[in-house]
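Data first, discussion second: the structure below is written as structure tokens.
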Amino acid sequence: MSRISLQRGKSSEYLRAVSDSLHRALVEALDVPPTDRFQLFDQHEPHEMSIDPHYPAGTRSADYVFINVIVGRPRSAAMKAAFYQRLVALLAQSPGVRPEDVMVVIASSQSEDWSFGSGVQGLPLRTDSATAAEVSA
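Position one of the sequence shown corresponds to residue 440 (this note's numbering), numbered consecutively onward.
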């Protein structure tokens, strides 16, 4: 589950490019299943975002993007570092977000903290031949 906060006024193509770049980085670097795509965009008026333009990564612009990712199992520091690098590289390619304008927070949770629908707690059981144990994104 990801929430992406940015200033209002970006085109649907821009938002789709952010979505695609984020999802690709999640799949490639954090081992998120390709079908595990849940993203919410929050667009704000400039006065609704109080962002220090210099803390601590350099100069931020009006194209600042804040991404909050909630994962269903902890990831190693190395995986997170690889994700951050892959994400900013992909966002720089499309839609053209400067790395200095990307802030990310990753939080992990337990399977019991989720319901994907129908009031059922936890993640669905795998149905492939690998295992019938619970999986968590």
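Backbone N, C-alpha and C define an ideal beta-carbon position, used for all residues, glycine too.
Source: prediction; values computed, not measured.
How many Å lie between residue i and residue j at the Cα?
i	j	result
E573	L562	The predicted model places E573 with a pLDDT of 40, which falls under 50 and marks its position as unreliable; any figure quoted below should be read in that light. C-alpha separation (whole angstroms): 7 Å.
S568	Q446	Since pLDDT at S568 reaches only 42, below the 50 mark, its modelled position is unreliable, and no value is offered.
L454	G558	30 Å
E467	Y523	11 Å
H493	S548	30 Å
T498	F555	39 Å
L530	H462	11 Å
A578	H483	Outside the modelled stretch of the chain, which goes from 440 to 576, sits residue 578, for which no answer is possible.
P472	A521	17 Å
E551	P513	14 Å
M440	T474	12 Å
R476	A456	14 Å
G511	P495	28 Å
K449	L465	22 Å
W553	E487	29 Å
V400	Q560	The requested residue 400 is not part of the displayed model; the chain covers only 440 to 576.
For the beta strand (DSSP E) that residue i lies in, which residues bound it at each end?
i	result
F480	478 to 483
V508	504 to 510
V544	541 to 547
S441	441 to 446
For the candidate residues the options, whose alpha-carbon lies nearest to that of residue i?
i	options	result
D459	R512, S554, R525	R525
D502	V544, I490, P495	I490
A546	K519, Q560, E487, V527	K519
What span of residues does the alpha helix (DSSP H) with residue i cover, start to end?
i	result
S458	451 to 469
Q524	516 to 532
Determine whether the beta carbon atoms of residue i and residue j lie at a separation below 9 Å.
i	j	result
M542	I509	no
R442	L479	yes
E539	S500	yes
I think residue i touches residue j, with their Cβ atoms under 8 Å apart; what is that distance to the nearest whole Å?
i	j	result
V536	V504	6 Å
S533	D481	About 21 Å; that fails the 8 Å criterion.
Could you confirm whether any beta carbon from chain B is found closer than 9 Å to the beta carbon of residue i?
i	result
L529	Given the protein chain composition of this structure (a single chain), no chain B is represented.
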